[in-house]
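Trainee: Take a look at the following structure, please.
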Amino acid sequence: MAEASATVSCMWQMRSRPAGLVLWTFQINDPARRFYERHGFVAAECTDGHRNEEREPDIRYVWRPEKQEP
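Sequence positions in the sequence shown follow my numbering and run -6 to 63.
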């Protein structure tokens, strides 16, 4: 049920942000990484975690909507 809720939330965010969406997750969080990649997010940056509170290596994901042909 939690994944279904996350999917609905993700899809809602994607529709409400026509310019795209950026988010971060920890590199160790394989389920989240698979979820984002399955929904079209692309890894744009990996860090060693020095900028986050937990000091855990992380990944910045970016999603851009596909341009529709007129």
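Every residue, glycine too, gets a C-beta built ideally from N, C-alpha and C.
1. Asp64 by DSSP, collapsed to three states: which one?
2. What residue range does the beta strand (DSSP E) around Phe19 cover?
3. Give me the Cα-Cα distance between Pro58 and Gly33, rounded to the nearest whole angstrom.
4. Buried or exposed for Met(-6), going by 16 or more other Cβ atoms inside 10 Å?
5. So for Arg26, helix, strand or coil by DSSP?
Mentor: If we stick to the structure as given:
1. Outside the shown range of the chain, which is -6 to 63, sits residue 64, and nothing can be said about it.
2. Leu14 to Phe19
3. 9 Å
4. Caution applies to Met(-6), whose pLDDT of 47 falls short of 50 and renders its modelled position unreliable; the value that the coordinates give is listed next. Exposed, since its Cβ has fewer than 16 Cβ neighbours within 10 Å.
5. helix
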